[in-house]
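*Asks:* The listed protein sequences derive, respectively, from chains S and Y. All residue numbers for the first sequence refer to this note's numbering, where the first residue is 1358 and numbers rise by one. All residue numbers for the second sequence refer to this note's numbering, where the first residue is 1358 and numbers rise by one.
Protein chains: 2
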Amino acid sequence: MDYSLIIVRYGEIGLKSSKVRSRFERKLVKNIKSATDCEVDRNQGRIYVFPKNMENTLNKLNKVFGIVSYSPAITTYVDDIDEVLEKYVDGLLEEGVLTAETTFAIKCRRVGNHDFTSQEMAGHCGAIVVRKVGCPVNLSNPDLTIFVEIRDDETFIFHEKIEGPGGLPLGTQGKVISLLSSGIDSPVSTYLMMKRGCEVIALYFDGEEFSTPKAREKFDKLVDALNKYAAGVPIQKRVVKYGDYLSHCKDEGPEKMTCILCKSGMYQIASKLAEKTGCLAIVDGSSVGQVASQTLANILATRDGCDFPILSPLIGMDKLEIERIADKIGTFEISKVSDGGCSAVPKYPETKADIVRVKQAKEDINHDEIIDEIFKNL
Amino acid sequence: MDYSLIIVRYGEIGLKSSKVRSRFERKLVKNIKSATDCEVDRNQGRIYVFPKNMENTLNKLNKVFGIVSYSPAITTYVDDIDEVLEKYVDGLLEEGVLTAETTFAIKCRRVGNHDFTSQEMAGHCGAIVVRKVGCPVNLSNPDLTIFVEIRDDETFIFHEKIEGPGGLPLGTQGKVISLLSSGIDSPVSTYLMMKRGCEVIALYFDGEEFSTPKAREKFDKLVDALNKYAAGVPIQKRVVKYGDYLSHCKDEGPEKMTCILCKSGMYQIASKLAEKTGCLAIVDGSSVGQVASQTLANILATRDGCDFPILSPLIGMDKLEIERIADKIGTFEISKVSDGGCSAVPKYPETKADIVRVKQAKEDINHDEIIDEIFKNL
């Protein structure tokens, strides 16, 4: 089929005030340009992409947040509809999308003044298809729907509606610090906040002697995978050398509390970085009850003293649901490779941290001072 | 079919340490008893439910968190398998689940010592079915799978695996305060935290002269709907009279900031209630960028000074995804009924709250004092 452009539809943006909407639309156009390297046009609540390579562009649009659906289409003028529709039908026949047995419907939408109604035009176009192919009309549950959209004189014909990733245009919702490890969960939480329009600084804590180079390698690969969704607003990476702090926690802190002190330190450093870089929130992959460290008591204790909101989009999800998203977005394959895990984890980690005892432990290990020191060296 | 029991499978619990697992299993058994009013047995990582009314019990199990799947089954002894399987097949034929054209497979699992392998038993049972019905075996992609599970001498036969709601047993993860309004989002966030095992206190802010009795009525109905998932650990309701505070915000505070001060007050009152009732977190229905008040800047400003973690399971979801869950759990029908909304919302609500100016506004309206007063009267 010889498509000339792609019609892009967007969703929630439509609900905003006209000022906000205009800002969102401009950002979406910019992100699409950056993702596809194509010419992009915006007109009356629609975005039109003029692809150099159709297949490639369709794949790229699938990863631009804010897009609800999109359709490869041909354009023509109202006067030429008959001829162009016949050609379009030829294309469908060639591709095997339409046969004499396919039930079909024509859906017509109009913007502007015309001397025919939408229904009349649909009937007219339907007759052309029946005459040419002899296939049966079925308005309620057709195998194939051909859409004819008329905007003043300009006319678009298409039959595919490809689902987009949804969400809001990346970069419209401000910046966040996302704690990104080499595991399964944090790439998914990062993805979900990107989907809701947040620009991301990905913060990795390198456990050094308690971790492996493999883990660090996986972090880099995960950022690459997520960057496929970040055209126009790429993820920034920051790496914290965290081995000394972990040694310190193990040597000076209560044995059970290593994970609590570790997580608490992560939030503190993320807060400082948020402040410095103009981020408005911290994102992490917590999910209640999934592992030892994710009890409500531990969440309360580790978040104590953190000045920024900590957003945990996975907090109410099951592991299986998280894995399903990871699989869909292409991070599961990377995360699931074994990297040895963290060797600083004690045999019996605290599962019911007491906030007073955590405060005491932090004082005992000079937590604030060391965290300051680490942050200075970041 | 004359089933004698229901086999219940649970998921993530299996990952926990044996002590935690045992506690989770006991809680799940208790919740199932409470939901179904049936006898329930626990043995070797399985739960068995003995229903008085099969249909009714199956429906109830669908709303007990922690259950991954369940199967109505018949029991017999190994020596009687042939005879009982023939009867089971008769039942399947009668129900039309099995015909001479149905492709089928037998899956056999064994625990204990037997003088046959699982594969041998599957072959033996398969031969019985073929001889009786003449239907074709298909091991890779059958229309119907009949499961034969042998545990020592006891044998279970079943063919259905009904999907459960997943999650963790309600009440295993401590208590939370959930801000529940009459809208679409907050029942879903409440549901998701219940699903992860959290006991809920539902906190409703009655806007009084700025709200309608309809809204309050919807809150009650929403709690009833959610309580269908809360057998054994019902939701507690708390209602805060909030009209005076809203008047005060409108009269004394900056016009644009009514929603900011309102939300901020909600979190403060929820914190106090959490402290008093032994809750460990606050839950709300925030989703970044969905409405004017849910910008990252506003989230930061309204959460300032709240001592408890605020968990927002919808924070990374699109409105459509939230509505889909609401529909599935039965709250959408209730929420979508118009209740007039909140009349305290200003014409141009703040969308980019500045934390310093919010602090100032709070001081100007004697926020802390009034919140204390409201809480005393709760």
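We put the CB at the ideal spot given by N, CA and C, even for glycine. Remember, it's a predicted structure, so these values are computed and weren't measured experimentally.
#1: Determine the burial state of S:TYR1705: buried for a count of at least 16 other Cβ atoms within 10 Å of its Cβ, exposed for fewer.
#2: Is the Cβ of S:GLU1680 closer than 8 Å to any Cβ of chain Y?
#3: Nearest chain S C-beta to Y:PHE1576 closer than 8 Å, yes or no?
#4: Could you give the DSSP three-state label for Y:TYR1599: helix, strand or coil?
#5: Which value, in whole angstroms, describes the spacing of the CA atoms of Y:VAL1446 and Y:MET1674?
#6: Counting pairs of Cβ atoms below 8 Å between the segment 1556 to 1574 of chain S and the segment 1590 to 1606 of chain S, do you hit three or more?
#7: Please identify, using Cβ separations under 9 Å, the residues of the segment 1621 to 1649 of chain S that lie next to chain Y, in order along the chain.
#8: What is the residue span of the beta strand (DSSP E) that S:LEU1442 lies within?
#9: Looking at chain S, is there any beta carbon in it that lies within less than 8 Å of the beta carbon of Y:LYS1716?
#10: For a test of the three-state rule: what should DSSP assign to S:PRO1544, helix, strand or coil?
#11: Are the Cβ atoms of S:ALA1462 and S:PRO1499 separated by less than 8 Å?
#12: At least one CB of chain Y closer than 8 Å to the CB of S:MET1614: is that the case?
#13: Mind pulling the chain S residues with CB within less than 8 Å of Y:CYS1555?
#14: Just reading off the beta strand (DSSP E) that Y:CYS1465 is part of, what are its end residues?
#15: Can you confirm whether S:ARG1399, when its beta carbon is compared against all beta carbons of chain Y, has any partner nearer than 8 Å?
#16: Beta-carbon of Y:MET1675 versus every beta-carbon of chain S: anything under 8 Å?
#17: Does the separation of the CB atoms of S:VAL1397 and S:GLY1521 fall below 8 Å?
#18: In the DSSP assignment, find the alpha helix (DSSP H) that holds Y:VAL1406 and state where it starts and stops.
#19: With a threshold of 8 Å between beta-carbons, can S:GLY1531 be considered close to chain Y, or not?
#20: For S:LEU1449, go through chain Y and note every residue whose CB falls closer than 8 Å to its CB, in chain order.
#21: Counting only beta-carbon atoms, is Y:ARG1660 nearer than 8 Å to chain S?
#22: Please say whether S:LEU1527 and S:VAL1590 have beta carbons closer to each other than 8 Å?
#23: Return the chain-ordered ranges of every beta strand (DSSP E) run that is complete within the segment 1612 to 1675 of chain Y and spans a minimum of 3 residues.
#24: Could I get the ranges of all uninterrupted beta strand (DSSP E) runs contained in the segment 1478 to 1533 of chain Y, with 3 residues as the minimum, in chain order?
#25: If you measure beta-carbon to beta-carbon, which residues of the segment 1439 to 1464 of chain S are closer than 7 Å to chain Y?
#26: For S:VAL1640, which of S:SER1692, S:ASP1542 and S:VAL1365 has the nearest alpha-carbon?
#27: Can you check whether the CB of Y:CYS1619 is closer than 8 Å to the CB of Y:LEU1630?
#28: Check the Cβ-Cβ distances between Y:MET1478 and every residue of chain S, and say whether any is below 8 Å.
#29: For the segment 1678 to 1703 of chain Y, which segments carrying the alpha helix (DSSP H) assignment without a break, of at least 4 residues, lie completely within its bounds, in sequence order?
#30: Assuming contact is defined by CB atoms lying nearer than 8 Å, are Y:VAL1490 and Y:LEU1442 in contact in what I supplied?
#31: The beta strand (DSSP E) with Y:ARG1399 in it runs from where to where?
*Replies:* So, to answer that:
#1: Within the first sequence, numbered from 1, the residue matching residue 1705 of chain S stands at position 348. So S:TYR1705 ends up on the exposed side.
#2: Taking the first sequence and counting its residues from 1, one reaches residue 1680 of chain S at position 323. No, because no Cβ of chain Y sits closer than 8 Å to the Cβ of S:GLU1680.
#3: Numbered from its first residue, the second sequence carries residue 1576 of chain Y at position 219. No, its Cβ sits nowhere closer than 8 Å to a Cβ of chain S.
#4: Working through the second sequence from its first residue, we reach residue 1599 of chain Y at position 242. Reduced to three states, the DSSP call for Y:TYR1599 is coil.
#5: Numbered from its first residue, the second sequence carries residue 1446 of chain Y at position 89. Numbered from its first residue, the second sequence carries residue 1674 of chain Y at position 317. C-alpha separation (whole angstroms): 46 Å.
#6: yes
#7: CYS1636, LEU1637, ALA1638, VAL1640, SER1643, SER1644, VAL1645, GLY1646, GLN1647, VAL1648 and ALA1649
#8: Counted from its first residue, the first sequence places residue 1442 of chain S at position 85. Taken as a continuous stretch (DSSP letters only), S:LEU1442 belongs to no beta strand (DSSP E), being part of the alpha helix (DSSP H) at 1438 to 1452.
#9: Position 359 of the second sequence holds residue 1716 of chain Y. Cβ-Cβ to chain S under 8 Å: no for Y:LYS1716.
#10: As a position in the first sequence, residue 1544 of chain S is number 187, starting the count at 1. Helix.
#11: If you number the first sequence from 1, residue 1462 of chain S lands on position 105. If you number the first sequence from 1, residue 1499 of chain S lands on position 142. Yes; because the gap between Cβ atoms is below 8 Å, this pair is in contact.
#12: Counting from one through the first sequence, the residue named residue 1614 of chain S turns up at place 257. No, S:MET1614 lies away from the interface with chain Y (no Cβ there is under 8 Å from its Cβ).
#13: The sequence position of residue 1555 of chain Y within the second sequence is 198, counting from 1. Those are VAL1645 and LEU1653, listed as they occur along chain S.
#14: Numbered from 1 along the second sequence, position 108 holds the residue referred to as residue 1465 of chain Y. Its beta strand (DSSP E) spans residues 1461 to 1468.
#15: Sequence index remark: in the first sequence, residue 1399 of chain S carries index 42 (1-based). It does not; no Cβ of chain Y falls within 8 Å.
#16: As a working mapping, residue 1675 of chain Y is identified with position 318 in the second sequence. A quick correction: the sequence has Asp, not Met, at residue 1675 of chain Y. It does: the Cβ of Y:ASP1675 has a partner Cβ on chain S nearer than 8 Å.
#17: Your numbering for residue 1397 of chain S matches position 40 in the first sequence. Your numbering for residue 1521 of chain S matches position 164 in the first sequence. Against a cut-off of 8 Å, the Cβ pair of S:GLY1521 and S:VAL1397 comes out as no contact.
#18: On the second sequence, residue 1406 of chain Y is found 49 positions in, with the first residue counted as 1. First-last for Y:VAL1406: 1403 to 1407, but that is the beta strand (DSSP E), not the alpha helix (DSSP H).
#19: Numbered from its first residue, the first sequence carries residue 1531 of chain S at position 174. Yes, S:GLY1531 lies at the interface with chain Y (some Cβ there is under 8 Å from its Cβ).
#20: By one-based count along the first sequence, residue 1449 of chain S stands at place 92. Correct list: empty, because the minimum Cβ distance to chain Y is about 30 Å.
#21: If you number the second sequence from 1, residue 1660 of chain Y lands on position 303. Answer yes: the Cβ-Cβ gap between Y:ARG1660 and chain S drops below 8 Å somewhere.
#22: Locating residue 1590 of chain S in the first sequence gives position 233, counting from the first residue. Locating residue 1527 of chain S in the first sequence gives position 170, counting from the first residue. Their beta carbons are under 8 Å apart, which means S:VAL1590 touches S:LEU1527 by this criterion.
#23: 1638 to 1640
#24: 1501 to 1508 and 1511 to 1515
#25: none
#26: Along the first sequence, read from residue 1 onward, the residue named residue 1640 of chain S stands at position 283. Residue S:ASP1542 is the option with its Cα nearest to S:VAL1640.
#27: The residue given as residue 1630 of chain Y occupies position 273 in the second sequence. The residue given as residue 1619 of chain Y occupies position 262 in the second sequence. In this structure, Y:CYS1619 does not lie closer than 8 Å to Y:LEU1630 by Cβ.
#28: Translated into positions along the second sequence, residue 1478 of chain Y becomes position 121. Not an interface residue.
#29: 1689 to 1692
#30: To locate residue 1490 of chain Y, count along the second sequence from 1; it is residue 133. To locate residue 1442 of chain Y, count along the second sequence from 1; it is residue 85. Going by C-beta atoms, Y:VAL1490 is not nearer than 8 Å to Y:LEU1442.
#31: Position 42 of the second sequence, counted from the start, is the residue given in the question as residue 1399 of chain Y. Unbroken beta strand (DSSP E) run through Y:ARG1399: 1396 to 1400.
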